[in-house]
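Here is the structure we will look at.
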Amino acid sequence: MQSQTTILLNRANLPSLPADVKRPAYDVENVQTGIVHIGVGGFHRAHEAMYVDRLMAKTGNLSWGICGVGLRENDRAMKKVFDEQDNLYTLVEKHNDGSRSASVIGAMTGFLMAPDNPQAVIDKMSEPEVRIVSLTITEGGYNFDASTGEFITTNPDVLHDIENPKSPKLVFGYLVAAIKKRRENNVKPFTVMSCDNIQHNGHVLKKMLLAYIELFDQALAQWVNENVSFPNSMVDRITPATTSEDIVMLKAQGVEDSWPVVCEPFKQWVIEDDFCNTKPQFDEVDAQFVSDVAPYEKLKLRMLNAGHSVLGLVGSVAGLDIIHESVEAAQLKQLLSIFMEKEVMPTLDQVEGIDVFDYRDTLISRFSNPFIKDTLARICLESSAKLPVFLLPTVRDNLVAGRDVSISAFVVACWSYYSDKHASQDGKPLEINDVLSDTLHRAAQQNETDSLSFLKIEEVFGELAQQEKFADVYKAFLERVYQNEPVLSISEALSEE
Ligand code: CS2
1 MQSQTTILLN RANLPSLPAD VKRPAYDVEN VQTGIVHIGV GGFHRAHEAM
51 YVDRLMAKTG NLSWGICGVG LRENDRAMKK VFDEQDNLYT LVEKHNDGSR
101 SASVIGAMTG FLMAPDNPQA VIDKMSEPEV RIVSLTITEG GYNFDASTGE
151 FITTNPDVLH DIENPKSPKL VFGYLVAAIK KRRENNVKPF TVMSCDNIQH
201 NGHVLKKMLL AYIELFDQAL AQWVNENVSF PNSMVDRITP ATTSEDIVML
251 KAQGVEDSWP VVCEPFKQWV IEDDFCNTKP QFDEVDAQFV SDVAPYEKLK
301 LRMLNAGHSV LGLVGSVAGL DIIHESVEAA QLKQLLSIFM EKEVMPTLDQ
351 VEGIDVFDYR DTLISRFSNP FIKDTLARIC LESSAKLPVF LLPTVRDNLV
401 AGRDVSISAF VVACWSYYSD KHASQDGKPL EINDVLSDTL HRAAQQNETD
451 SLSFLKIEEV FGELAQQEKF ADVYKAFLER VYQNEPVLSI SEALSEE
C-alpha cells in the first residue's frame, strides 16, 4: 500500500486518524477520574484501561477515567509519553491469522510521578470522585516473604515509609496516607483492587497492608479491616513488551505513537463482587463479577502462568527465544501438555462453565500465535517471585497427595542451571533480571558440590529441599542437565513416561 501521511497521536489529531484505527467513541475531553492506578505498564494498558475504554464507549458513563501513578524512576518514560500524547495510546491486537486491530484508548486522564510530588498523589487518591485504587505492581511489589507469606517488616523502604508518611516509597505508604485523609475528611474509602497475578491477590494485599499499618497504628488497622474492601480478581491477557518494530508497523499504518501496546485478542477478567464504594459496570463489557474468584485464579495461575514458566525456563536452556517457537518444538509442546494434565489438573477445583481440557487447548493455541512474539526473557524475568506463586503451590499439593512432581522438578532444575551458567546448554548467554539474581547465582554456583544448594534458598522454596520426593527427582534432572543431555531430549523422555 502507498504510504500515507503519518498522524501524530494527540487529542487534536483524533479526527484525522486513519479510518482503520478505531478512536474513542466518547468525548475524551470529558472523561473524569474515578480510578487511580499504580503501576501503568503494558498489561494495565491492554487490560483494565481497555475495559474502561469499552465501558465508556458502551454506556456513555465517563466517570471512570484512570489517573496513572508511577512509584519508581523507571516509570518516568511512560509519563513522558502520556504527557506528549495527551494521555492517549494505541492498543494493537494481533490475531493468529496475522490480522491486527488497532484502537486508540482514551481512558487515561493523567499520569503522576510519585517521587516528584508525593502529596499530589495522596491528594488525587483522596478525591471523593476516586472510588477505586487499582494496582499492577507485580508479584514482587507486595513485599511478602514467598516461603512464609508474611510481610517483610525489615525492608528498609518499609522503615523509611513509617518515618516519612508524607513522602512514602512503597504502595502501602500511599494507601495509608490517602485512606487516613479520606477518613479525616469524611469521605468514603475507595476499593483497593489488585490486578496482579497472585492467588487471592485482594486478600494478600489486604494482609500486607494491615501488617504494615499494625506496625504503627492498631486502631487504623482495625478500621481498614472493617471498612475497606480488597476484591480478589483473575486477570488475563498476554501482553509482550512493545518493540521498535511495533512502533514502525503502526507508523506504516499512519499513526505515530511512541509507546503503543500490543497484545493477543484474548482477554479475561473475573472480579470478586466486593466493593466498599461504587463499582464500574465492567460486566457490561465482558468482565465477570462473581462471589468467589478462587477457582478461576487457581486455574489461570497454575495452567497459564506456570505453563509459561515451563516453556520459558526449559526453552531458554534449550536455546530458544520466543514463546511460539517453544510450543512449536514438539518435545516442549508435549511436555507442556502433559505437565498441565498430569501435574496441574489434579490440583484444580471445578470451575463452572470451563472444561479444563478445552482450557488447556486454548492456552496452547494462544501460546502458538506467531505474531505476539512474547519472549522467553520476559517470562523468566523475576522468576524468584513468580515460581512461588505459579508453580510451587502445585508441587506442594502433589507432594501431600503423593502424586508425581517430575516435570515441576525438571523445570526447577533448568532454572537452577540457568541461574548458574547464565547461558543455554549450547552456550548462548542468558540474562537474569531478578531482584534475587545474586542469591540465585551464588546458590546455583554450588550445584556441583552440593546438588541441593539452589533448592535451599528458603525465601523462594521454603522447606522444599527437605522433601525427599521432590529433592531426589530434582537432583537426578540437575545431573542430566549438567551432563549436557539436551533438555529437549529430557522433555521428550518425560512426556513418554
Ligand atoms: C506471564 C504473564 O509474566 C509471566 O510470567 O506468564 O505475564 C502472562 O503473560 C499474563 O499473566 C497473561 O495474562
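All the letters of the sequence shown, read from the start, carry residue numbers 1 to 497 under full-length UniProt numbering. Glycine included, each C-beta is placed from N, C-alpha and C at the ideal position.
Please list the terminal residues of the continuous alpha helix (DSSP H) segment that includes I213.
201-214
For G353, report the span of its alpha helix (DSSP H) as first-last.
First-last for G353: undefined, no H or E at that position.
How far does the beta strand (DSSP E) with S16 in it reach, from first residue to last?
Here S16 belongs to no beta strand (DSSP E), and DSSP marks it neither H nor E.
For S419, I'd like the list of residues in its chain whose CB is within less than 6 Å of its CB, leaving aside the five on either flank, ordered along the chain.
L440, H441, A444
What's the call for H95, buried or exposed, on a 16-neighbour Cβ count within 10 Å?
exposed
Roughly how many whole angstroms lie between the Cα atoms of residue 499 and D123?
This structure does not reach residue 499, given that the chain is present from 1 up to 497, and the question cannot be answered.
Taking the straight line between their C-alpha atoms, what separation do you get for Q2 and E84?
Any answer about Q2 is weak, because its pLDDT of 46 lies below 50 and its placement is not dependable; what the coordinates show is given next. The alpha-carbon atoms of Q2 and E84 are separated by roughly 28 Å.
Comparing C-alpha positions only, which one of L8, C195, K475, N143 sits nearest to Y51?
C195
Short Cβ contact (8 Å threshold) for T90 with L250
yes
State the beta-bridge partners of F151 as determined by DSSP.
F144
Give me the DSSP bridge partner(s) of M108.
I66
Select from T347, E256, K386 the residue whose C-alpha is nearest the C-alpha of I7.
E256
Could you check if F216 is buried or exposed, using at least 16 other CB atoms within 10 Å of its CB as the buried criterion?
exposed
Would a C-beta distance cut-off of 8 Å place I132 and M193 closer than the cut-off?
yes
Looking at the strands, I want to know which residues DSSP matches up with C263.
E93
Could you have a look at V52 and say whether DSSP puts it in helix, strand or coil?
helix
Any non-hydrogen atom of the ligand CS2 within 7 Å of D145 CB:
no
Select from E127, K386, V171 the residue whose C-alpha is nearest the C-alpha of G307.
K386
Could you tell me if the beta carbon of residue 507 falls within a distance shorter than 7 Å of some heavy atom in the ligand CS2?
Because the chain in this structure spans residues 1 to 497, residue 507 falls outside the shown range and cannot be described.
From the DSSP output, read off the bridge partner residues of H37.
G68, S134
Are there any heavy atoms of the ligand CS2 lying less than 7 Å away from the beta-carbon of H441, as far as the coordinates show?
no
In three-state terms, what does DSSP make of M1?
Because M1 carries a pLDDT of 46, less than 50, the predicted location of this residue cannot be relied on, and no value is offered for it.
Cβ-heavy atom distance, S126 to the ligand CS2, below 7 Å:
no
Segments of 4+ residues assigned as alpha helix (DSSP H) that fall wholly inside the region 348-430
356-367, 376-380, 383-390, 392-401, 406-421
Taking just the CA atoms, how far does E245 sit from D358?
33 Å
Distance between Q331 and N61 (C-alpha atoms, nearest Å)
50 Å
Those runs of the alpha helix (DSSP H) which lie wholly inside the region 217-271 and span at least 4 residues:
218-227, 244-252
Using 10 angstroms around the beta-carbon of P189, count the other beta-carbons present and answer buried if the total reaches 16, otherwise exposed.
buried
Cβ pair L209, L175 closer than 8 Å
yes
With burial defined as no fewer than 16 other Cβ atoms inside 10 Å of the residue's Cβ, what is the status of V481: buried or exposed?
buried
Helix, strand or coil, according to DSSP, for T6 in the structure here?
coil
Residues in its own chain within less than 8 Å of V285 by CB, not counting five upstream and five downstream?
Y51, R54, L55, K58
CA-CA distance, A178 and N10?
31 Å
Between the region 66-84 and the region 235-243, are three or more C-beta pairs nearer than 8 Å?
no
When the Cβ atoms of the region 396-406 are set against those of the region 469-478, are three or more pairs found closer than 8 Å?
yes
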